[in-house]
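S.K.: Quick note, the sequence shown lines up with residues -15 to 495 if you use the working numbering.
Virtual Cβ for every residue (Gly too), placed ideally from N, Cα, C.
If you're wondering where the values come from, they're calculated on a predicted model, not measured in any experiment.
I have a structure I would like to understand better, so I am pasting it below and will then ask my questions one at a time.
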Amino acid sequence: MQNILEELERRRQSARQGGGERRIAAQHAKGKLTARERIEVLLDERSFEETDMFVEHRCVDFGMADQKVPGDGVVTGHGTINGRLVYVFSKDFTVFGGSLSGAHASKIVKLQKMALQNGAPIIGLFDAGGARIQEGVESLAGYADIFLQNVLASGVVPQISVIMGPCAGGDVYSPAMTDFIFMVKDTGYMYVTGPEVVRTVTNEVVTHDELGGARVHAQKSGVADGAFDNDLEALTQIRRLIDFLPGSNRDRPPVRESYDHPDRDEPSLDTLVPSNPNKPYDMKELILKVVDEADFFEVSPEFAKNIVTGFGRLDGQPVGVVANQPLALAGVLDIDSSRKAARFVRFCDAFNIPLLTFVDVPGFMPGTKQEYGGLIKHGAKLLFAYAEATVPKITVITRKAYGGAYDVMSSKHLRGDVNYAWPTAEIAVMGAKGAVEIIFRAEAKSDPEALAAREAEYKERFANPFVAAQRGYIDDVIMPHGTRRRVIRALRTLKNKQLHNPWKKHDNIPL
Ligand code: HXC
């Protein structure tokens, strides 16, 4: 009997060694943790239950029959983050470069099915060289099996990907279908085809980092939702994110006891908006002063900075915050900011997370670059996302709400539940100067002084929240210092909100 027990322990020990000491040392030398070390950091202490530790590949070509490593390059299982269940798979670069075989794929698919069935998030840690070259089509089939499960799980359980090493070829499309992608700077990179192929096909010479490094995807392409300095920081931040999310679309997001008084006034907000309408201010200051304990997990902070998206809590209840940022491009809506916010709104709606929207938007970005890039379709994504969302929606207009952007930003007309404005709000078709130059064009040429009077008249008439409030499009004009209290009260009234869209197979959001 003792022998049998020892044999199990010997087998486990061998599996835990992955690709062996030399490769583990190489992994550490690159500043990366191993697949198992990453899981240790991500999950609560001693909560990890590994599954399929003894799975081996079935390939016999190219001498593979003699090269078997238990686990086959991916560590899978479940554990808890602050006591809540999550499923995890972690690619082991020390085993065949973490490449994907048929057996490796089956382990991930099994995990995806369990996460979906049991209503828990799934977190994938990527560090891999793509399809297992020795396996050919078996590997391609494995990828497709994973992609299918990604799609079936989309909107049912949160799916999070963390790119901590190479992530190329087949490996990029699974993360691309998950809800969030985070990357580790300097070690993580992702692209469909690597620098070698790029050089052969296009003659372009680029490094791994220039082609698909964390900065590229977190700032330029928007593929990644955040970039972190190292493995430890990335994993710790994922723990933070999970705390805001429900296990599945069948649950409500987790409420946490708050030590921040719901009635807390914030007098400094009364002077946040400058008297000069063209002067910017930091919308993040408002967010941090309103949410519980100034705890805000920002999503995509480096991409499309003209809109801020992220998670916070109000009265202990998670909310998704969307806010125009006057500090960047005056908070205008353009292609990137519309795409970024639309995806965030849809995530919140899918997972029962109420939306809090702060509005200060001068309109949509004009110009050929935007129009040729399809601003009409991209802007429509945000409009569509807000309109279809049935979660509680609370909106606060702090300053400008001009033109179509007024409609888009969770207006009453798109089923905003509670819409507030600060006294500094200006709700109009456009700014006063632009407006009078159009409607009094002839006068503008002949009598500039009269035009100034017209501008003042327009401002007087429209640069305020009261016209909208008279029509009931704004429920109340509120004092900036009382924003937290008013928003929390509104949120409480919406706790049992019920709203359903007409039955459909699925919608046809402008992609
Ligand atoms: C099998 C692989 C492998 C792969 C790496 N290895 N990639 N084994 N299949 N795809 C093995 C190496 O042989 C090596 O084994 C170990 O992993 C580490 O690899 P190195 O090259 O030494 O590491 P490094 O220098 O850090 O380079 C990492 C890398 C490079 C950039 C990822 O290995 C690489 O370019 N790999 C191939 C990437 C690729 O073209 N994949 C196929 C993509 S096509 P030893 O024994 O020496 O430790 C694809 C199609 C799917 O994925 C499409 C589905 C839709």
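In the DSSP assignment, what are the bridge partners of R405?
M.R.: Sequence check: residue 405 is Ala here, not Arg. Looking at the DSSP assignment, A405 forms a beta bridge with I381 and V461.
S.K.: Could you give the distance in angstroms between the alpha-carbon of V72 and the alpha-carbon of I381?
M.R.: If I take the Cα positions, the gap works out to 40 angstroms.
S.K.: For G139, which residues in the same chain have their Cβ closer than 7 angstroms to its Cβ, ignoring the five residues on either side in sequence?
M.R.: For G139, where only same-chain residues beyond five positions count, the Cβ hits under 7 angstroms are N233 and A334.
S.K.: In the DSSP output, what is C151 paired with across the bridge?
M.R.: The partner list for C151 (beta bridge, DSSP) reads A112 and M174.
S.K.: First and last residue of the beta strand (DSSP E) that includes H62?
M.R.: First-last of the beta strand (DSSP E) with H62: V58 to I65.
S.K.: Apart from the five residues on each side of it in sequence, which residues of its chain come closer than 8 angstroms, Cβ to Cβ, to V181?
M.R.: Contacts found: none.
S.K.: Let's see if you can read the secondary structure: which residues bound the alpha helix (DSSP H) around F504?
M.R.: Since the first residue of the chain shown is -15 and the last is 495, residue 504 is not available in this structure.
S.K.: Does G4 come out as helix, strand or coil in the three-state DSSP assignment?
M.R.: Of the three classes helix, strand and coil, the one that applies to G4 here is coil, per DSSP.
S.K.: Jot down the residue ranges of each uninterrupted alpha helix (DSSP H) in the stretch 292 to 360, minimum 4 residues, whole runs only, in chain order.
M.R.: 319 to 334 and 352 to 356, all fully within the stretch 292 to 360.
S.K.: Determine which residues share a DSSP beta bridge with L84 and list them.
M.R.: A115.
S.K.: For A89, does the three-state DSSP call read helix, strand or coil?
M.R.: Note: A89 maps to helix in three-state DSSP.
S.K.: Confirm, please, whether the CB-CB distance from M414 to G387 is below 8 angstroms.
M.R.: It is a contact, given that the beta carbons lie within the stated cut-off.
S.K.: Under the three-state reduction of DSSP, which class applies to G456: helix, strand or coil?
M.R.: Coil, per DSSP.
S.K.: Shortest alpha-carbon distance to S321 belongs to which of P302, K361, V39 and V303?
M.R.: Closest option to S321, Cα to Cα, is K361.
S.K.: Hey, is R42 close to the ligand HXC, as in C-beta under 7 angstroms from one of its heavy atoms?
M.R.: Because no heavy atom of the ligand HXC lies under 7 angstroms away, the Cβ of R42 does not count as near it: no.
S.K.: How many whole angstroms separate the CB atoms of V451 and P407, which I take to be in contact at a CB cut-off of 8 angstroms?
M.R.: Their Cβ separation, rounded to whole angstroms, is 13 angstroms, which puts V451 and P407 out of contact at 8 angstroms.
S.K.: Return the residue from the list I378, K488 and P264 that minimises the CA-CA distance to A314.
M.R.: Minimum Cα distance to A314 is reached at P264.
S.K.: Between I117 and the ligand ADP, is the CB less than 7 angstroms from at least one heavy atom?
M.R.: Here the bound small molecules are the ligand HXC; the ligand ADP is not part of this structure.
S.K.: I need the DSSP call for Y243, collapsed to helix, strand or coil.
M.R.: Reduced to three states, the DSSP call for Y243 is coil.
S.K.: Compare the beta carbon distance of I107 and I130 with 8 angstroms and say whether it is the shorter of the two.
M.R.: Not closer than 8 angstroms, so no.
S.K.: Counting only runs of 3+ residues fully inside the stretch 175 to 210, write out the beta strand (DSSP E) ranges in chain order.
M.R.: Segments of the beta strand (DSSP E) lying fully in the stretch 175 to 210: there are none.
S.K.: Any heavy atom of the ligand HXC within a distance shorter than 7 angstroms of the CB on P150?
M.R.: Under cutoff, so the answer is yes.
S.K.: Are there any heavy atoms of the ligand HXC lying less than 7 angstroms away from the beta-carbon of Y157, as far as the coordinates show?
M.R.: Yes, the Cβ of Y157 comes within 7 angstroms of a heavy atom of the ligand HXC.
S.K.: Tell me which same chain residues have a C-beta within less than 6 angstroms of the C-beta of G55, skipping the five on either side of it?
M.R.: Answer for G55: A(-1) and M37, listed in chain order.
S.K.: In terms of residue numbering, what span does the alpha helix (DSSP H) encompassing F131 cover?
M.R.: Here the alpha helix (DSSP H) through F131 covers V121 to A137.
S.K.: What are the partner residues of R438, as DSSP defines its beta bridges?
M.R.: R438 is not bridged to any residue.
S.K.: DSSP state of Y386, grouped into three classes?
M.R.: Strand.
S.K.: Would you say K16 and T171 are within 8 angstroms of each other, going by their C-beta atoms?
M.R.: Contact flag set, yes.
S.K.: For L225, which residues from the same chain have a beta carbon less than 8 angstroms from its beta carbon, with the 5 sequence-adjacent residues on both sides left out?
M.R.: These residues qualify, in order along the chain: I144, F164, F281 and F295.
S.K.: With contact counted as at least three CB pairs below 8 angstroms, one residue from each stretch, are the stretch 83 to 92 and the stretch 115 to 133 in contact?
M.R.: Segments in contact, yes.
S.K.: Assuming M267 is part of the alpha helix (DSSP H), what are its boundary residues?
M.R.: Looking at the DSSP string, the run of the alpha helix (DSSP H) that includes M267 is M267 to V274.
S.K.: Check each candidate in V70, F80 and V79 and name the one with the smallest Cα separation from L95.
M.R.: The candidate whose alpha carbon is nearest that of L95 is V70.
S.K.: So, using beta-carbon positions, are G113 and P159 closer together than 8 angstroms?
M.R.: Against a cut-off of 8 angstroms, the Cβ pair of P159 and G113 comes out as no contact.
S.K.: Is any heavy atom of the ligand HXC found at a distance shorter than 7 angstroms from the C-beta of G153?
M.R.: It does: the Cβ of G153 is within 7 angstroms (strictly closer) of some heavy atom of the ligand HXC.
S.K.: Counting C-beta neighbours from all protein chains within 10 Å, is the total for P486 16 or more, i.e. buried, or is it exposed?
M.R.: Counting Cβ neighbours within 10 Å, P486 comes out exposed, since fewer than 16 surround it.
S.K.: Could you check whether E21 and V59 sit closer than 8 angstroms to each other, using their CB atoms as the reference points?
M.R.: No. Outside cutoff.
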